Amino acid sequence: MSDIDFTAEGTIFDIQRYSIHDGPGLRTIVFLKGCPLRCRWCSNPESQSPEPDLLFRAEACIGCGRCISVCPVQALSRDNPGFVDRSKCIRCGECTKVCPTEALKRTGRRMTLAEVMQELRKDAIHYRRSGGGVTLSGGEPLLQHAFAKQILMACHAQGWNTAMETTGCTTREVIRDVIPHVDHLLMDIKAIDPAVHRAHTGVDNRIILENALIAASLTHAVVRVPVVPGVNDTVAEIGAIAEFAKLMPGVETLHLLPYHSFGENKYRLLGRDYPMGDRPALKPERMAPLQAAVEAAGLRCLIGG
Numbered sequence: 001m002s003d004i005d006f007t008a009e010g011t012i013f014d015i016q017r018y019s020i021h022d023g024p025g026l027r028t029i030v031f032l033k034g035c036p037l038r039c040r041w042c043s044n045p046e047s048q049s050p051e052p053d054l055l056f057r058a059e060a061c062i063g064c065g066r067c068i069s070v071c072p073v074q075a076l077s078r079d080n081p082g083f084v085d086r087s088k089c090i091r092c093g094e095c096t097k098v099c100p101t102e103a104l105k106r107t108g109r110r111m112t113l114a115e116v117m118q119e120l121r122k123d124a125i126h127y128r129r130s131g132g133g134v135t136l137s138g139g140e141p142l143l144q145h146a147f148a149k150q151i152l153m154a155c156h157a158q159g160w161n162t163a164m165e166t167t168g169c170t171t172r173e174v175i176r177d178v179i180p181h182v183d184h185l186l187m188d189i190k191a192i193d194p195a196v197h198r199a200h201t202g203v204d205n206r207i208i209l210e211n212a213l214i215a216a217s218l219t220h221a222v223v224r225v226p227v228v229p230g231v232n233d234t235v236a237e238i239g240a241i242a243e244f245a246k247l248m249p250g251v252e253t254l255h256l257l258p259y260h261s262f263g264e265n266k267y268r269l270l271g272r273d274y275p276m277g278d279r280p281a282l283k284p285e286r287m288a289p290l291q292a293a294v295e296a297a298g299l300r301c302l303i304g305g
């Protein structure tokens with residue numbers, strides 16, 4: 001444990017317990033803040049910025065004005081559309097300290113490794129009994145790669161299974177440094193066509209696909225594909241992803257994750273428009289030909305997490 005620095009710090013926006021979808025057994029998910037992608041269907045928009053964000057729930061506001069009086073940059077006003085002037089807000093969190101109804105809430109906080117491990121130890125008995133462990137998610141956990149590595153090393157020192165959900169949008173050096181500490185890799189691949197990927201996530205996918213090949217050679221991996229209407233919900237695109245997944249060493253399973261709009265409300269809390277508009281959820285029957293395309297490529301296909 002000499003290489004583990006319990007004073008190391010990172011920015012966490014949530015720690016979710018009792019998950020059964022992000023690796024084997026019962027798991028605790030540590031959500032690290034910050035992501036280089038801007039997926040239009042992102043269900044955790046509060047994860048995108050590496051800095052803390054301010055959420056405002058208008059329905060909880062009682063109009064007491066306490067927050068307005070303490071804001072150091074006058075970013076809060078009843079005359080502002082959405083109440084918060086996001087161009088002025090420095091996300092200091094002073095307003096959240098005086099809000100009696102938690103209408104204003106700051107998401108994202110700095111935590112030391114020692115603090116994270118203190119939370120994770122609460123569920124240690126469940127890891128042992130279920131064969132579960134700890135999963136790092138985000139955002140993109142590899143954006144905070146040094147802190148992510150410290151968490152993974154500390155978990156292994158406790159004998160806990162580790163998993164990571166990642167887009168692979170990082171450097172090859174980070175992949176080679178961090179992924180050997182991951183027991184179960186959940187590799188997100190959103191599209192093979194670079195134009196499609198760039199149009200809907202804001203970044204090119206060349207390094208992502210290259211890193212997927214490297215990462216799968218370093219640990220056990222499965223591929224997860226968010227299936228989004230109008231983006232990649234065709235037999236051709238899903239088939240192309242499945243063919244690529246076959247090139248990843250040891251990959252036998254591909255998960256198709258049907259699009260949903262569960263995160264839409266979070267955009268409102270952040271004062272942002274939902275990029276997917278009124279895009280409908282995928283009907284179950286729409287998934288059947290896509291599942292068949294994956295299986296035709298010789299991979300096991302699961303619908304959902």
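The sequence shown: position 128 = 128 (UniProt numbering), numbered continuously.
Positions of the beta carbon are idealized from the N, C-alpha and C atoms, including for glycine.
Being a predicted model, the structure only gives us computed values, none of them experimental.
What residue range does the alpha helix (DSSP H) around residue 53 cover?
Taking the sequence shown and counting its residues from 1, one reaches residue 53 at position 53. Looking at the DSSP string, residue 53 is not in any alpha helix (DSSP H); the run it does join, the beta strand (DSSP E), is 53-56.
Along the beta strand (DSSP E) that carries residue 239, what are the first and last residues, could you check?
For the purposes of this step, residue 239 is taken as the residue at position 239 of the sequence shown. Careful: residue 239 lies outside any beta strand (DSSP E), inside the alpha helix (DSSP H) at 235-247.
Presumed contact (8 Å Cβ cut-off) between residue 205 and residue 191, rounded CB distance
Stepping through the sequence shown from its first residue, residue 205 is reached at position 205. Stepping through the sequence shown from its first residue, residue 191 is reached at position 191. Sure, about 7 Å apart at Cβ, within 8 Å.
Residue 225 to residue 74 span [Cα, whole Å]:
What you label residue 225 is simply residue 225 of the sequence shown in a count that begins at 1. What you label residue 74 is simply residue 74 of the sequence shown in a count that begins at 1. Residue 225 and residue 74: Cα-Cα distance of roughly 43 Å.
Reduced DSSP secondary structure (H/G/I, E/B, other) of residue 95
Against the sequence shown, residue 95 aligns to sequence position 95. Note: residue 95 maps to helix in three-state DSSP.
With distances taken from CA atoms, which of 247, 200 and 274 is nearest residue 36?
In the sequence shown, residue 36 corresponds to position 36, counting from 1. Closest by alpha carbon: 200.
Spell out the partners DSSP gives residue 19 in its beta bridges.
Taking the sequence shown and counting its residues from 1, the one referred to as residue 19 is at position 19. DSSP, once it has assigned bridges, lists 27 as partnering residue 19.
Contact between the segment 86-104 and the segment 125-142 is defined here as three or more beta-carbon pairs at a separation below 8 Å; is this criterion met?
no
State the DSSP-derived secondary structure class of residue 169, mapped to helix, strand or coil.
For the purposes of this step, residue 169 is identified with residue 169 of the sequence shown, where counting begins at 1. Three-state DSSP puts residue 169 in coil, outside helix and strand.
Residue 294 beta carbon less than 7 Å from that of residue 216
Taking the sequence shown and counting its residues from 1, the one referred to as residue 216 is at position 216. Taking the sequence shown and counting its residues from 1, the one referred to as residue 294 is at position 294. Not in contact: residue 216 and residue 294 (Cβ atoms no closer than 7 Å).
Counting C-beta neighbours from all protein chains within 10 Å, is the total for residue 33 16 or more, i.e. buried, or is it exposed?
On the sequence shown, position 33 is the one that residue 33 refers to. So residue 33 counts as buried.
Would you tell me roughly how many angstroms separate the C-alpha atoms of residue 171 and residue 207, rounded to the nearest one?
Within the sequence shown, numbered from 1, the residue matching residue 171 stands at position 171. Within the sequence shown, numbered from 1, the residue matching residue 207 stands at position 207. Near 8 Å, if we compare the C-alpha coordinates of residue 207 and residue 171.
The beta strand (DSSP E) that contains residue 280, what's its start and end?
As a first step, residue 280 is located in the sequence shown; it is residue number 280 there, counting from the start. Here residue 280 belongs to no beta strand (DSSP E), and DSSP marks it neither H nor E.
Taking the beta strand (DSSP E) that residue 152 falls in, what are its first and last residues?
The count along the sequence shown starts at 1 and reaches residue 152 at position 152. Looking at the DSSP string, residue 152 is not in any beta strand (DSSP E); the run it does join, the alpha helix (DSSP H), is 145-157.
Between the alpha carbons of residue 292 and residue 237, how many angstroms are there, rounded?
Locating residue 292 in the sequence shown gives position 292, where the first residue counts as 1. Locating residue 237 in the sequence shown gives position 237, where the first residue counts as 1. In a straight line, the C-alpha of residue 292 is about 13 Å away from that of residue 237.
If we count the other Cβ atoms within 10 Å of its Cβ and call it buried at 16 or more, is residue 179 buried or exposed?
The residue given as residue 179 occupies position 179 in the sequence shown. Answer is buried; the Cβ neighbour count reaches 16.
Identity of the residue in 63, 41 and 93 nearest residue 278 by Cα
As a working note, residue 278 is residue 278 in the sequence shown. If we check each option's Cα against that of residue 278, 41 comes out closest.
Measuring CB to CB, does residue 135 end up less than 7 Å from residue 23?
As a position in the sequence shown, residue 135 is number 135, starting the count at 1. As a position in the sequence shown, residue 23 is number 23, starting the count at 1. It is a contact, given that the beta carbons lie within the stated cut-off.
Sort 90, 65, 92 and 72 by Cα distance to residue 79 and report the nearest one.
By 1-based counting over the sequence shown, the position of residue 79 is 79. Selected option, being the one with the closest Cα: 65.
Tell whether a beta-carbon distance below 7 Å holds between residue 29 and residue 48.
Walking along the sequence shown from the start, residue 29 turns up at place 29. Walking along the sequence shown from the start, residue 48 turns up at place 48. Not in contact: residue 29 and residue 48 (Cβ atoms no closer than 7 Å).
Mind checking residue 188: buried by the 16 CB within 10 Å criterion, or exposed?
The sequence position of residue 188 within the sequence shown is 188, counting from 1. Under this definition residue 188 is a buried residue.
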